[in-house]
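Residues 1 to 292 in full-length UniProt numbering are what the sequence shown lists, from first letter to last.
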Amino acid sequence: MLQELLDESKQNLGFTNPVVGVHVRRTDNVIKEALVHSVDDYMRHVDEWFDIYEKQHSGVQRKVYLASDDPGVLPEAKKKALCPFFVRRVAAALAPSIPFISTIRGCLLCSPMRWLVLIGFLLNFPLCWVSITFSTSSSATYPHFIFVSDYEVSKTASLGSCYTDASLCGVILDTYLLSRCDYLVCTFSSQVCRVAYELMQPLHGDASERFKSLDDIYYFGGKNAHNWLAVENHQSRREGDISFNAGDTVGVAGNYWDGYSNGKNTKTGKSGLFPSYKTVNKIDLVKMPTYP
């Protein structure tokens, strides 16, 4: 019965691959557990994934499965997808004639700079290198995306109705479809996001390159310590940082996504910030006996 519900919902929503899953968590103690992120914060990474994907798969329709516990997220996303004057394809067509233009994204009506680029081309003016990238401001638009979402699921996920049978079915549906996406953009502070990522593992063998978390690194309750291995020496130069030598083990408490992570040098016992790039994930290998 549940599988029938999932299959029917998937068909009715028009869920097809390739698609990127976006989970936006707005309620459920989010104020004290995690920061609130705008839709643009997620879409920047979605856009980047499709940029890479299109290198090998041309003519792809950019599709997003949008899941959220806030009914206002879908209207927010669709409002920014209404403008029809998207110029990505125009830029691609003009690129051979204008080698200095690398990328033009967004809405033709939203920025005078885009008009200047096109006018300059028509008048054959020499143009310097132009890269109008995806903006993280509130004026950013993405009309080149199709958003797939179940608005009713978002409504049942509100704090007033999250313990109903309808809400339970909605959570299961969102988690299931998020796990069936090619790439996942979410916040690992959310258990829905982490469960969806876990369900991706048996589908791909290794889904470690198929997600982007805007806050926490992956974890689960009761797990062993998450250790990273230092690959080069680091000497602390400011208060709040820690030092380590290549080969030291650092217990990770969190990644700040600004180049620094927070952790504890297990050798010295000191805790603080350190450059993330000077460490790698430490893999503990154990013997796994085979059985007939």
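The beta carbon of each residue, even a glycine, is placed where N, CA and C say it ideally should be.
Ranked by how close their Cα comes to the Cα of S236, the residues N224, K278, Y219 and L184 have K278 in first place.
Cβ atoms of Y65 and V171 stay farther apart than 8 Å, at about 14 Å. Within the DSSP secondary-structure output, I146 pairs in a beta bridge with K63. Short of 6 Å from the beta carbon of S68, and not among the five residues preceding or following it, lie these beta carbons of its own chain, in chain order: V24 and S154. Annotation: the region 194-261 contains the following complete segments of the beta strand (DSSP E) (minimum length 3 residues), in chain order: 211-213, 227-230 and 249-255. In the displayed model, K270 falls within coil according to three-state DSSP, outside both helix and strand.
According to the DSSP secondary-structure assignment, P275 is paired through a beta bridge with Y260.
In the displayed model, N17 falls within coil according to three-state DSSP, outside both helix and strand. Cα atoms of C162 and V60: separation of roughly 36 Å, rounded to the nearest angstrom. With distances taken between CA atoms, E239 lies nearest to L273 out of T290, A166, L273 and W49. Counting only the Cα atoms, G21 lies some 17 Å from N12.
DSSP, read as helix, strand or coil, puts V46 in helix. Rounded to whole angstroms, the gap between the alpha carbons of G247 and G269 is 15 Å. Sorting I242, T156, L6 and D215 by C-alpha distance to the C-alpha of G72 places T156 at the top. If you look at V185, you'll find it in the beta strand (DSSP E) that goes Y183 to C186.
The beta carbon of A225 lies closer than 8 Å to those of G251 in the same chain, with the five residues before and after it left out.
Per DSSP, the beta bridge partners of S68 are V24. Sixteen is the threshold: when 16 or more other Cβ atoms of the shown chains lie within 10 Å of the Cβ of G263, as they do, the residue is buried.
When F244, G222 and G221 are compared, the shortest CA-CA separation from E232 is found for F244.
Remark: C-beta atoms of P275 and Y260 approach each other more closely than 8 Å.
V280 is bridged by DSSP to L229.
In this structure, L74 places its C-beta atom within 8 Å of the C-beta atom of Y151. If you look at V36, you'll find it isn't in any alpha helix (DSSP H); DSSP assigns it neither H nor E.
For K78, the enclosing alpha helix (DSSP H) has its first and last residue at V73 to K79.
Classified as exposed, T164 has fewer than 16 neighbouring CB atoms from the shown chains inside 10 Å of its CB. Distances from the alpha-carbon of L203 to those of G221, D216, S190 and L177 put L177 closest.
Excluding residues up to 5 positions away in sequence, S243, F244, F274, P275 and K278 lie with their Cβ nearer than 7 Å to the Cβ of H234 in the same chain.
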